[in-house]
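Note that the working numbering numbers the sequence shown so that position 175 is 179, with each residue one more than the last. Glycine included, each C-beta is placed from N, C-alpha and C at the ideal position. Note that this is a predicted model, so its numbers are computed, not measured. Scroll down for the structure; my scribbles are underneath it.
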Amino acid sequence: MNRTYTAQDIIREFEKWSPKGLAFEWDNVGLQVGTLNKQVKNIMVTLDVLENVVDEAIEKEVDLIIAHHPLLFVKLNQINLDTPKGRIVQKLIKNDITVYAAHTNLDIAKGGVNDVMAELIGVTSSRPLIETGSDSLVKLTVFVPVNHADELRNAISEAGAGHIGNYSHCTYQLSGQGTFKPEEGTNPYLGEQGKLEIVDEKRIETIVPKSRLSGVLKAMEEAHPYEEVAYDVYPLLNEGEPVGAGRVGELKNPMVLRELVELIKREYSVPHVRVSGNMDKKVKKVALLGGSGEKYIHKAKRSGADVYITGDMTFHMTQDAMEMGLSLIDPGHHVEKVVCPKVKQYLEETCNKERDLNIFVSEANTEPFTVV
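Structure below.
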C-alpha cells in the first residue's frame with residue numbers, strides 16, 4: 005500500500021536541512037502560494053518560478069514546487085492577471101500547485117548552494133565568507149527503555165543531534181530505572197492503569213544545534229515507545245559552529261586561473277564566464293558566493309583569497325577588485341542551479357525511501373541571458 009504525504013511532511017523534513025531561521029531577515033522564505041495541508045505525489049525542484057516553469061508543472065501534474073528564488077520576493081500591492089506575476093499566481097491557484105522557497109537559508113545551510121559550488125571545484129576545509137553568527141547549542145536528555153535505546157539514538161542522530169566536528173552519533177548514556185503510574189485515560193506501552201511501574205531505562209544525552217531542535221524532538225517522539233516522552237532541554241554556553249553565506253577554502257589541487265576557469269565552466273555547466281585577473285596566476289585559496297556577491301569583494305580580499313567567484317559583478321566594482329589584486333570569476337547568477345540536483349537527492353533519501361513520490365528537477369530554462 006502506497007504511503008500518502010502532505011506538503012507539510014515534505015517541508016518539515018526539508019527544513020531539518022535548511023531551517024528558515026538561517027535566512028537573512030530581509031528574505032521572504034517559506035510558503036509563497038497555496039497550502040501545505042494537501043497531499044502530494046509529484047514534486048518539482050527549480051531555481052526560479054517563472055511562467056514557463058509553472059507551465060511545465062501543470063503539464064507534469066505537479067503538486068509542490070520547491071524553489072530557490074522566492075516567487076514573491078518583492079511585495080505585491082495587487083494581483084493583476086494582465087501582468088506576468090499575476091498570471092503565474094493565477095495558474096498556480098487554478099491548478100492547486102503549492103510553491104515553497106528556500107533562499108538565503110539554503111545558501112547558508114551546510115551542504116547548500118555554496119557548499120555544492122565549493123565541492124564541485126574541489127575547495128576543501130571551507131568556512132563561511134560572511135559569518136552571520138553561530139548556531140547556538142542545547143543539550144537534550146531523554147529517558148528510554150533499554151530495548152529502544154539504539155533505535156532512538158539513531159533517529160535523533162539522523163535528524164541532526166550528536167554532531168561534533170566530523171563525528172556523528174555522539175551521545176552519552178547511563179543506565180537506571182524509571183518509574184511511572186498510568187492514570188485513567190492512558191494507554192501505556194508498559195504497565196497497567198493505577199499500578200506503579202519500574203522500568204530499566206537508558207538516560208541518553210546529546211548536543212543539538214538549536215536550529216535543528218524541532219526536527220530532533222519530532223524524530224525522538226516518533227522513535228520513542230512511550231505515550232508521553234520524558235526529556236529535558238538545556239541551553240549551553242558552548243560556541244556552536246559558525247554559520248553564514250559564501251565559503252572560503254583551499255583548492256585540493258592548486259592551479260592557474262585559466263585552468264580554474266575551464267574547471268568552473270565544466271563543473272557548473274556554464275558556456276562562458278567573465279574573468280578579471282592574470283590568467284597565468286597561481287590560484288590556491290578561493291572565496292565564492294552563489295548569486296550576487298559584489299559587495300563582499302573586500303571580505304574576499306581580507307580572507308586571503310587569490311580569486312573570488314560570484315555573479316552579477318559590475319564594471320567599477322570589478323575595477324576595484326583588480327586594483328586590490330583580487331582575481332574575479334563571474335559565472336552568472338544562474339549558476340545557483342547546481343543546488344537543484346542536491347535538493348532532489350536529499351528529498352529522495354529522506355522522504356522517498358519507498359518510492360511513493362515523483363521528485364524531479366525542472367527542465368525549463370530560466371537563464372535570462374544569451375551570449376552572442
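Problem - Distance, alanine 249 Cα to valine 212 Cα - result: The residue you call residue 212 lines up with position 208 of the sequence shown. The residue you call residue 249 lines up with position 245 of the sequence shown. When only Cα atoms are considered, valine 212 and alanine 249 end up about 21 Å apart.
Practice task
Verify whether the separation of the beta carbon atoms of arginine 274 and proline 372 is less than 9 Å.
Solution key: The residue given as residue 274 occupies position 270 in the sequence shown. The residue given as residue 372 occupies position 368 in the sequence shown. The sequence shown places valine at residue 274, rather than the arginine named in the question. Not in contact: valine 274 and proline 372 (Cβ atoms no closer than 9 Å).
Exercise for the section: Report the residue from Gly38, Lys346, Glu226, Glu243 whose alpha carbon sits nearest the alpha carbon of lysine 114. Expected result: As a working note, residue 114 is residue 110 in the sequence shown. In this structure, Lys346 is the residue among Gly38, Lys346, Glu226, Glu243 with its C-alpha nearest to the C-alpha of lysine 114.
Problem - Beta-carbon proximity of cysteine 355 to tyrosine 104, cut-off 9 Å - result: Counting from 1 along the sequence shown, the entry for residue 355 is found at position 351. Counting from 1 along the sequence shown, the entry for residue 104 is found at position 100. The beta carbons of cysteine 355 and tyrosine 104 sit no closer together than 9 Å.
Problem - Where threonine 190 sits in the DSSP three-state scheme - result: Within the sequence shown, the letter at position 186 stands for residue 190. Three-state result, threonine 190: coil.
Problem - Whole-angstrom distance between glutamate 340 and phenylalanine 18, CA atom to CA atom - result: Mapped onto the sequence shown, residue 18 falls at position 14. Mapped onto the sequence shown, residue 340 falls at position 336. Roughly 18 Å separates the two Cα atoms.
Problem - Residue environment, methionine 121, which counts as buried when at least 16 other CB atoms sit within 10 Å - result: Here residue 121 corresponds to residue number 117 of the sequence shown, with the count starting at 1. Looking at its Cβ environment, which holds 16 or more other Cβ atoms inside 10 Å, methionine 121 is buried.
Handout entry: When Met48, Gly244, Lys222 are compared against leucine 68, the one with the closest alpha-carbon
Key = Along the sequence shown, one-based indexing puts residue 68 at 64. Ranking the options by Cα distance to leucine 68, first place goes to Met48.
Practice task
Give the straight-line distance between the Cα atoms of valine 343 and valine 117, rounded to the nearest whole angstrom.
Solution key: On the sequence shown, position 339 is the one that residue 343 refers to. On the sequence shown, position 113 is the one that residue 117 refers to. Their backbone Cα atoms lie some 5 Å apart in a straight line.
Practice task
Find out if the Cβ-Cβ distance for the pair serine 331, serine 280 is shorter than 9 Å.
Solution key: Residue mapping note: residue 331 aligns to position 327 of the sequence shown, counting from 1. Residue mapping note: residue 280 aligns to position 276 of the sequence shown, counting from 1. For serine 331 and serine 280, yes; Cβs fall inside 9 Å.
Handout entry: 9 Å Cβ cutoff met for histidine 107 and histidine 152
Key = Within the sequence shown, residue 107 is the residue found at index 103, counting from 1. Within the sequence shown, residue 152 is the residue found at index 148, counting from 1. Taking 9 Å as the Cβ cut-off, histidine 107 and histidine 152 do not qualify as a contacting pair.
Exercise for the section: Tell me whether the beta-carbon of glycine 182 lies closer than 9 Å to the beta-carbon of alanine 227. Expected result: The residue labelled residue 182 in the question sits at position 178 within the sequence shown. The residue labelled residue 227 in the question sits at position 223 within the sequence shown. The answer is no: Cβ separation not under 9 Å.
Handout entry: phenylalanine 77 versus Gly198, Glu155, Glu162, Trp30, residue with shortest Cα-Cα distance
Key = Here residue 77 corresponds to residue number 73 of the sequence shown, with the count starting at 1. Closest by alpha carbon: Trp30.
Practice task
In the DSSP assignment, find the unbroken beta strand (DSSP E) run with glutamine 177 in it and report its ends.
Solution key: The residue you call residue 177 lines up with position 173 of the sequence shown. 175-184 is the extent of the beta strand (DSSP E) around glutamine 177.
Problem - Per-residue DSSP class, three states only, for glutamate 160 - result: Numbered from its first residue, the sequence shown carries residue 160 at position 156. Contrary to the premise, residue 160 reads as isoleucine rather than glutamate in this sequence. Here isoleucine 160 sits in helix by DSSP.
Problem - arginine 278, DSSP secondary structure in three states - result: Position 274 of the sequence shown, counted from the first residue, corresponds to residue 278. Arginine 278: strand per DSSP, three-state reduction.
Handout entry: Inter-stretch contact (C-beta, 8 Å, three-pair minimum) for the region 309-325 and the region 80-98
Key = Contact fails: fewer than three Cβ-Cβ distances are below 8 Å.
Problem - the region 39-58 touching the region 360-372, judged by at least three CB pairs closer than 8 Å - result: Put simply, the region 39-58 touches the region 360-372. At least three CB pairs are less than 8 Å apart.
Exercise for the section: Report, in whole angstroms, the separation of the C-beta atoms of glycine 166 and glutamate 205, which I expect to be a contact under 8 Å. Expected result: The residue labelled residue 166 in the question sits at position 162 within the sequence shown. The residue labelled residue 205 in the question sits at position 201 within the sequence shown. Contact between glycine 166 and glutamate 205 does not hold, since their C-beta atoms are separated by about 19 Å, which reaches or exceeds 8 Å.
Exercise for the section: Could you please give the first and the last residue of the uninterrupted beta strand (DSSP E) stretch that includes threonine 50? Expected result: Counting from one through the sequence shown, the residue named residue 50 turns up at place 46. Per DSSP, threonine 50 is one residue of the beta strand (DSSP E) stretching across 46-50.
Problem - Ordered list of beta strand (DSSP E) runs contained in the region 277-308, each at least 3 residues - result: Listed in chain order, the complete beta strand (DSSP E) runs (minimum 3 residues) inside the region 277-308 are 278-280, 286-296.
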